[in-house]
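What follows is a set of notes on a single structure, which appears directly below.
Protein chains: 2
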Amino acid sequence: MERYQPCCKEEEEFLRNYNPGQFPSIAVTVDAVIFGISRDSAENYRKLDKQSLKVLLVKRTDYPYKDYYSLPGGFVLEGETFEESLQRTLENKTGLKNAYSEQLYTFDGVHRDPRMRVISCSYISLLDTRKARIKDAVWVELEEVSKLAMAFDHSFLIAEAVKRLRGKLQYTDIVFHMMPEEFTISELQSVYEIILGEKLLAAAFRRTIANKLEDTGKMTSNAGHRPSRIFRYKGREC
Amino acid sequence: MERYQPCCKEEEEFLRNYNPGQFPSIAVTVDAVIFGISRDSAENYRKLDKQSLKVLLVKRTDYPYKDYYSLPGGFVLEGETFEESLQRTLENKTGLKNAYSEQLYTFDGVHRDPRMRVISCSYISLLDTRKARIKDAVWVELEEVSKLAMAFDHSFLIAEAVKRLRGKLQYTDIVFHMMPEEFTISELQSVYEIILGEKLLAAAFRRTIANKLEDTGKMTSNAGHRPSRIFRYKGREC
DNA sequence: TATTGTTATTAACAAATTGATAATAACAGG
DNA sequence: CCTGTTATTATCAATTTGTTAATAACAATA
Numbered sequence: 051m052e053r054y055q056p057c058c059k060e061e062e063e064f065l066r067n068y069n070p071g072q073f074p075s076i077a078v079t080v081d082a083v084i085f086g087i088s089r090d091s092a093e094n095y096r097k098l099d100k101q102s103l104k105v106l107l108v109k110r111t112d113y114p115y116k117d118y119y120s121l122p123g124g125f126v127l128e129g130e131t132f133e134e135s136l137q138r139t140l141e142n143k144t145g146l147k148n149a150y151s152e153q154l155y156t157f158d159g160v161h162r163d164p165r166m167r168v169i170s171c172s173y174i175s176l177l178d179t180r181k182a183r184i185k186d187a188v189w190v191e192l193e194e195v196s197k198l199a200m201a202f203d204h205s206f207l208i209a210e211a212v213k214r215l216r217g218k219l220q221y222t223d224i225v226f227h228m229m230p231e232e233f234t235i236s237e238l239q240s241v242y243e244i245i246l247g248e249k250l251l252a253a254a255f256r257r258t259i260a261n262k263l264e265d266t267g268k269m270t271s272n273a274g275h276r277p278s279r280i281f282r283y284k285g286r287e288c
Numbered sequence: 051m052e053r054y055q056p057c058c059k060e061e062e063e064f065l066r067n068y069n070p071g072q073f074p075s076i077a078v079t080v081d082a083v084i085f086g087i088s089r090d091s092a093e094n095y096r097k098l099d100k101q102s103l104k105v106l107l108v109k110r111t112d113y114p115y116k117d118y119y120s121l122p123g124g125f126v127l128e129g130e131t132f133e134e135s136l137q138r139t140l141e142n143k144t145g146l147k148n149a150y151s152e153q154l155y156t157f158d159g160v161h162r163d164p165r166m167r168v169i170s171c172s173y174i175s176l177l178d179t180r181k182a183r184i185k186d187a188v189w190v191e192l193e194e195v196s197k198l199a200m201a202f203d204h205s206f207l208i209a210e211a212v213k214r215l216r217g218k219l220q221y222t223d224i225v226f227h228m229m230p231e232e233f234t235i236s237e238l239q240s241v242y243e244i245i246l247g248e249k250l251l252a253a254a255f256r257r258t259i260a261n262k263l264e265d266t267g268k269m270t271s272n273a274g275h276r277p278s279r280i281f282r283y284k285g286r287e288c
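Note that the protein sequences, when read in sequence, are chains D and E. The opening residue of the first sequence carries number 51 in my numbering; numbering runs sequentially from there. The opening residue of the second sequence carries number 51 in my numbering; numbering runs sequentially from there.
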C-alpha cells in the first residue's frame, strides 16, 4: 500500500495530535503450526507405517505455562509484519528461510493468556523435514499432542490447523510444499495417506494426480523390486 | 477455555508483577464484509438480470480517509471478543442480531492506518437482504466498489472476501445463509449465478442441489407460467 | 376453447470421472 | 529361472457431469 497522504492542513493537524491511547491496545503473537512428515531414515523413507504427521513444538521455559509445550511463535515486534515475525521464529527453530506458510486464524479469546489480552494470529507452515535443522524444538506426532500438557489454547489451535490442512489437500496443490523437488508417485501418495489418515487406491490416485506431474526421466534404483519413475511438480514455482 | 490457574506462589507473584508494557501494543479493528443479494422489488425478485451481489459500506465522517467509503467495523473494545465487536456493528448497521459470519483474514500491514499500528481482523457476513433494516450505510454493487474512493486497504479486503465467498460456495452450504427459509430451486440457482457471475445449466444444478433440499409441499402461484415447487434447506440449523 | 409465451421439471444420452480389481512389468536375490 | 515385492497399466462397472430436448403447468389472449 502506498503511503497515506493527508488531504489538507486540517487532517495533518488531526494526525499530529492523535492520541493512540484512546483505544484499547492488545498484544499480538504470531504462532506457527509447523507440519512435517517424518522420514526418519533412508530405509523407512518409503514405508508408510513408519511415517507420521508431526508438528513442531517447543517447551516453555517461563511463566505462564512454564514447562508446558507450546507452538513456536512470539510477540509481534514494533513495526513488524506478521510474516516477518513468523519467518523470524521459523528460521530460529528450523533454520529454514522460506517455508511455505499461510494464515490460519486469529484467536481472540479474552482470557487466552493470564498476563493480559493477547490475541494469536496463527499460521500453518509446511516443510520438507529433511531440509529442516531443528533447534530448541521437537517434532511431535499428531496423536501424541493430546497426551501432552499444552500451553494456552494451542491444543485446539493445532486441531483446527489439521482440519484446514486436510481440507486444502483436497482442492489445492499445497501438498507439494512438503515434498522434495523430485519424488515418486508412491511417495506422494503416502504423504496424502499420512495426512488424511486413510489408505488411498493407487490406480485412482495416479490417474488424478498425474496431470500435475512432469516426468524427470529418472528412475529409482536398487530397490529389490520394480523401479519407480521420478516426477516433479509441474505447477507454478513451489 | 477454563480460567488459568497459577501453579505455585512463584507464578502467582510473576503474574502480579507482570508489566504488559514490555511488548508493543497494537490497536485492533474488526471489519465486516457484509454481503447481500439485492432483490429490490417483488417484481424483480426472480429476474436475475435485475439482481446483483452487494456489499454494505459506510461513508467515513472523520479523519483519516474522511468522506471515503469503508467497511462497517470499529475498534475492539476492552474485554470484547471479535465476535462481540462484530455483532455490535452488524446490529448497528443492519438491525440483525445473528447474521452468519466467519472470519476471513487478519490484515497486518504496518501502515494500513496513518494514525498508528492498526490491524484489521476481517469477517464475512451473509444475510438475506430483505430481513435487514439498513441504517447509516448503503448497499453497493460489487462492480461499483472499484469506482469508489475506498478507505484503508478495504478495496483489497473486499476483493479477497469475494474470492473466499466464491470458493466456499462450491464446497459448503454457505449459500443458504443468504436465502429465506423457503425458496424455489430457480431462486437458489440465481443466487449462485449472481455470486459466481456466470450462468449455470438448470438440469445439472437441480440434480446436484436436490439432495440438500426438502420439499415443503407448497407451490408458487399466479406467475403466468408453470408454478414452482417451494423447498427448504434440509441441513443443520441455518 | 385453442393458442401463445413463459418458466419449471424431467428425460435421455453422451462424455467424463471415479471405484475397484486384475493383469502385467521390472527389479534383487536365491 | 523362480520368488517376493512394488510399480504401472488395463479393464470394466458405477457414478457423476454436460448437454439438449421433451414435457408440464400456468396466465393471458385470440
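Glycine included, C-beta positions come from ideal geometry on N, C-alpha and C.
Exercise for review: With 9 Å as the threshold, decide whether the Cβ of L65/D is near any Cβ in chain E.
Suggested key: On the first sequence, position 15 is the one that residue 65/D refers to. So, interface residue.
Exercise for review: Return the residues of the segment 204-226 of chain E that lie within a Cβ-Cβ distance of less than 9 Å from chain D, sorted by chain order.
Suggested key: F206, G217, Q220 and Y221
Exercise for review: Measure the alpha-carbon distance for A252/E versus E152/E and round it to whole angstroms.
Suggested key: The count along the second sequence starts at 1 and reaches residue 252/E at position 202. The count along the second sequence starts at 1 and reaches residue 152/E at position 102. Straight-line Cα distance between these residues: approximately 30 Å.
**Study point:** Residues from the segment 272-287 of chain D in contact with chain E, defined by Cβ distance under 8 Å
**Key:** none
Check your understanding: Per DSSP, what kind of secondary structure is K147/E in: helix, strand or coil?
Key -> Here residue 147/E refers to the residue found at position 97 of the second sequence. Coil at K147/E, not helix or strand.
Point to revise | Assigned secondary structure, R276/E (DSSP; H/G/I helix, E/B strand, else coil) | key: Translated into the one-based positions of the second sequence, residue 276/E becomes position 226. Three-state DSSP puts R276/E in coil, outside helix and strand.
Check your understanding: Applying the criterion that 16 or more other CB atoms from any shown protein chain within 10 Å of the CB defines a buried residue, is Q101/D buried or exposed?
Key -> Along the first sequence, one-based indexing puts residue 101/D at 51. Buried: at least 16 other Cβ atoms inside 10 Å.
Exercise for review: Using the Cα positions of V160/D and G145/E, report the straight-line distance between them to the nearest angstrom.
Suggested key: The residue labelled residue 160/D in the question sits at position 110 within the first sequence. The residue labelled residue 145/E in the question sits at position 95 within the second sequence. If I take the Cα positions, the gap works out to 26 Å.
Review point. Since T270/E and S278/E are thought to touch, with beta carbons under 8 Å apart, how far apart are those beta carbons, to the nearest angstrom?
Key: Indexing the second sequence from 1 puts residue 270/E at position 220. Indexing the second sequence from 1 puts residue 278/E at position 228. About 5 Å separates the two Cβ atoms, so the contact holds.
Point to revise | DSSP bridge partner residues for G124/D (one or two, in chain order) | key: Counting from 1 along the first sequence, the entry for residue 124/D is found at position 74. According to DSSP, G124/D bridges with V80/D.
Practice item. Report the residues of the segment 158-179 of chain D with a CB closer than 9 Å to any CB of chain E, ordered along the chain. Key: D158, G159, V160, H161, R162, D163, P164, R165, M166, R167, V168, I169 and C171
**Study point:** Closest Cα partner of R37/D within the set P164/E, Y118/E, T131/E and F157/E
**Key:** Because chain D spans 51 through 288 in this model, residue 37/D falls outside it and cannot be assessed.
Point to revise | Cα-Cα separation, L219/D to K185/E | key: Numbered from 1 along the first sequence, position 169 holds the residue referred to as residue 219/D. Numbered from 1 along the second sequence, position 135 holds the residue referred to as residue 185/E. In a straight line, the C-alpha of L219/D is about 42 Å away from that of K185/E.
Exercise for review: Taking M166/D as the reference, give the member of E60/E, P56/E and L65/E with the closest Cα.
Suggested key: Your numbering for residue 166/D matches position 116 in the first sequence. Answer by Cα proximity: L65/E.
Review point. Counting only beta-carbon atoms, is L198/E nearer than 9 Å to chain D?
Key: Here residue 198/E corresponds to residue number 148 of the second sequence, with the count starting at 1. Closer than 9 Å: no.
Point to revise | Nearest candidate by alpha-carbon position, reference K181/D, set L246/D, D203/D and H227/D | key: Walking along the first sequence from the start, residue 181/D turns up at place 131. The candidate whose alpha carbon is nearest that of K181/D is H227/D.
Exercise for review: With I224/D as the anchor, note down where its beta strand (DSSP E) starts and where it stops.
Suggested key: Within the first sequence, residue 224/D is the residue found at index 174, counting from 1. I224/D -> no beta strand (DSSP E), and no H or E assigned at all.
Review point. Between the Cα of L246/E and the Cα atoms of L192/E, V188/E, R183/E and T79/E, which residue gives the shortest distance?
Key: On the second sequence, position 196 is the one that residue 246/E refers to. Closest by alpha carbon: L192/E.
Practice item. Using the Cα positions of E60/D and S205/D, report the straight-line distance between them to the nearest angstrom. Key: Stepping through the first sequence from its first residue, residue 60/D is reached at position 10. Stepping through the first sequence from its first residue, residue 205/D is reached at position 155. Approximately 50 Å between the Cα atoms of the pair.
**Study point:** Where the beta strand (DSSP E) containing L263/E begins and where it ends
**Key:** For the purposes of this step, residue 263/E is taken as residue 213 along the second sequence, with counting starting at 1. Membership of L263/E in the beta strand (DSSP E) is indicated by the continuous run L263 to M269.
Practice item. Determine the chain E residues that contact A77/D at a beta-carbon separation under 9 Å, and present them in chain order. Key: Position 27 of the first sequence, counted from the start, is the residue given in the question as residue 77/D. Ordered by position in chain E, the residues that pass the 9 Å Cβ test against A77/D are P70, F73, P74, S75 and I76.
Check your understanding: Is it true that the CB of S172/D sits closer than 9 Å to the CB of E210/D?
Key -> On the first sequence, residue 210/D is found 160 positions in, with the first residue counted as 1. On the first sequence, residue 172/D is found 122 positions in, with the first residue counted as 1. Going by C-beta atoms, E210/D is nearer than 9 Å to S172/D.
Check your understanding: Which one of S175/D, K116/D and I76/D has the shortest CA to CA distance from L154/D?
Key -> Along the first sequence, read from residue 1 onward, the residue named residue 154/D stands at position 104. It is S175/D.
Review point. Of all Cβ atoms in chain D, is any one closer than 9 Å to the Cβ of V195/E?
Key: Translated into the one-based positions of the second sequence, residue 195/E becomes position 145. No, because no Cβ of chain D sits closer than 9 Å to the Cβ of V195/E.
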